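First comes the structure, then the notes that go with it.
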Amino acid sequence: MAMLLEDIVQSVEMWLKLIKKPQPYGDPNLDPVLLVPGIAGSILNAVDDQNGKEERVWVRILGADYKFRTKLWSRFDPSTGKTESLDPNATIRVPEERYGLGAIDVLDPDMIVGRDCVCYFHDMIVEMLKWGFQEGKTLFGFGYDFRQSNRLQETMDRLAAKLESVYEASGGKKINVISHSMGGLLVKCFMGLHSDVFQKYVKNWIAIAAPFRGAPGYIASTFLNGMSFVDGWEQNFFISKWSMHQLLIECPSIYELMACPHFHWQHIPLLEIWREKEGCDGYPRTILESYRPGNCIDIFKEALSGNTVDYNGEMIPLPFNLEILKWVKETQKVLSHAKVPSGVKFYNIYGINLETPHSVCYGSEEAPVTNIQDLRFFQPKYICVDGDGTVPAESAKADGLHAEARVAVPGEHRGILCEPHVFRILKHWLRAGEPDPFYNPINDFVILPTAFEMESHHEKGLQVTSLKEEWEIVTKDQDDLDDTVSSRKPLVSSISVSQGGSNKHSLRSEAHATVIVHPQNEGKQHVELNAISVSVDA
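The sequence shown begins at 1 in the UniProt record's numbering and counts up one residue at a time.
Printed below as a string of structure tokens:
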């Protein structure tokens, strides 16, 4: 009987193994990847220093605005360069679950309706797991307190420790760092301040949608009006624009995203204001004033001079912070002097094809601004350029570094992290899965050879060579193909080449070729080359 029971147990164990959820494929040959998010791209918890209780304050649904105001509102301390919460008993911490990935995956794991608005690296993580990356072995995340400066020593120390731990966890393999948005500035600051550590642990750095020269229109309006991280009906369950405004005024990270005043912009970003002023004749007249990046400070100072918040019954002034501005000037020096260390490769992916704020205008000729402190009540109007909707392409591609490649991808600032084109580029650069030597990241298509035949024979003192070659061009974006090439009729083209002989009346050799490009079908386009050459035997 005991033997029978043992047999039954063994049978059950075998059955359980069969129905057990299959483990994701893990490729032990992959180099590790560390994902670094941008502003507001990390879950933040507040720890009560008195009782040790920890709760999520960014991002959450229930009591979101209240917790945001009571735990995250802060003041900048110029002696340390750190932004400290107004609540003296609150310490902001980034959770480290799932080797740091939990804090940068879905920013509110409890959210069900409207979940997409709080997804950050989620789609990329899912995709990379399919390629064979494994959490804790070859895939890691680095979340951080995005209120702080991108060069805060505390953050730099945490990143150094993270790089070392990833290096050791992966068996001493160098790391591929993938940053998004402001995370690119953080990584560049680290590279500039700790070049030796970066060189020791990093193999490749891939920056995605990084505002290397700032996000001019977006940040200018943020100082005056605040910003929303979600659009549409989801804002009803999120942080109010006003609450966010009060936080960002004291965030060095936001000041570090201002338009770089020393960059040679193709078109200088401007802050424009229609103002009503008294003319020489004593009558009011409306004029349009324009301010360059370095000259906007006086407007920000005047507009925010009376800005205050009520925190637990205490009125706290929150003007435009000139101490932060001093700190940022040093950050700009760090960024401008940063170089890619030898042995490290840098790649840049940036978004295009969307109207992106570049200059911002307040008021109009019919309704001018009469009081600068009222600017926060005016709706900004943007003058846009090409970019990802937040960062102009001109800023994102001006990294000031030696780059292996810079690739423009049509996509929105956050949405670019879900773009299949970006996934294909990353897979190619990370050498994940089966390598595809025919993939072109810039044009995002594969030229796949499907046939090759060549024959050569001698006939009456001539050498005759015939060649037949065929390819398939595989692309995901069918609409991007040229209208002529993707028309319903095949495109036929011919070419002839000849080479003269010893005298002007004789030919040494000649070749003729015909290329046929067939209409696209199901994302594939067939190309045929037929060629023949005839030459005189030597």
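Glycine residues also receive a C-beta, built at the ideal position from the N, C-alpha and C atoms.
Computed from a prediction, not measured in an experiment: that's the story for all the values here.
Where do the ends of the alpha helix (DSSP H) carrying A90 lie? Looking at the DSSP string, A90 is not in any alpha helix (DSSP H); the run it does join, the beta strand (DSSP E), is 90-93.
First and last residue of the alpha helix (DSSP H) that includes P252? 252-255
Within 10 angstroms of its Cβ, does N521 collect 16 or more other Cβ (buried), or is it exposed? exposed
Jot down the residue ranges of each uninterrupted beta strand (DSSP E) in the stretch 50-97, minimum 3 residues, whole runs only, in chain order. 54-58, 74-77, 82-85, 90-93
Residue of V515, L354, N321 minimising C-alpha distance to I416: Closest option to I416, Cα to Cα, is L354.
Member of V166, Y350, F146, F300 whose CA lies at the smallest distance from the CA of R98: V166
Output needed for I112: all residues of its chain with C-beta closer than 7 Å, excluding positions within five of it in sequence on either side, in chain order. Caution applies to I112, whose pLDDT of 48 falls short of 50 and renders its modelled position unreliable; the model cannot decide the point.
List the DSSP bridge partners of L35. G141, I178
Does the CB of G41 have a neighbour CB from chain C at under 8 Å? In the structure shown, chain C cannot be found, because there is only a single protein chain.
For the putative contact between D31 and K173, defined by C-beta atoms under 8 Å, what is the C-beta separation to the nearest angstrom? 5 Å
Rounded to the nearest angstrom, what separates S221 and V360 at their Cα positions? 7 Å
Taking the C-alpha atoms as reference points, what is the distance between L288 and S364? 9 Å
Do residue 563 and D108 have their CB atoms nearer than 8 Å? A question about residue 563 goes unanswered here, because the residues of the chain that appear run from 1 up to 538.
Quick one: what's G351 bridged to in DSSP? V409
Can you tell which of P293, S533, M258 has the C-alpha that lies nearest to the C-alpha of E455? S533
Per DSSP, cross-strand counterpart(s) of F346: W205
By the three-class DSSP mapping on this structure, what secondary structure does D281 have? coil
Cut-off 6 Å between Cβ atoms - residues of its own chain near I208, not counting five sequence neighbours on either side: H180, I349
Going along the chain, which residues of its own chain have a beta-carbon closer than 7 Å to the beta-carbon of K397, five neighbours each way excluded? N348, Y350, R406
Where Y25 sits in the DSSP three-state scheme: coil
Does D374 pass the burial test, meaning 16 or more other C-beta atoms within 10 Å, or should it be called exposed? A residue is called buried once 16 or more other Cβ atoms fall within 10 Å of its Cβ, and D374, having fewer, is exposed.
Please report how far the alpha carbon of T70 lies from the alpha carbon of K162, in whole angstroms. Spanning the two alpha carbons is a distance of roughly 30 Å.
Distance, Cα to Cα, G389 vs P357? 7 Å
N- and C-terminal bounds of the alpha helix (DSSP H) containing G192: 183-193
Comparing alpha-carbon positions, which option in P37, D87, I39, V36 lies nearest E314? D87
Alpha carbon of N89 to alpha carbon of V309, nearest angstrom: 19 Å
Proximity below 8 Å, CB of S149 to CB of T286: no
If you draw a straight line from the C-alpha of P468 to the C-alpha of Q525, how long is it? Checking the displayed sequence, the identity of residue 468 turns out to be Lys instead of Pro. One C-alpha to the other measures close to 17 Å.
Taking contact to mean at least 3 C-beta pairs separated by less than 8 Å, is the stretch 25-43 in contact with the stretch 118-125? yes
Beta-ladder partner(s) of M258, from DSSP: M258 is not bridged to any residue.
Give the straight-line distance between the Cα atoms of V517 and V464, rounded to the nearest whole angstrom. Their Cα atoms are separated by approximately 25 Å.
Of the choices Y25, K329, S466, K489, whose alpha-carbon is the least far from that of L529? S466
Nearest by alpha-carbon distance to H262: which of V59, K333, E470 is it? K333
Tell me L152's beta-bridge partners as DSSP assigns them. Paired residues: none, contrary to the question.
For a quick check, are the C-beta atoms of S496 and E510 less than 8 Å apart? yes
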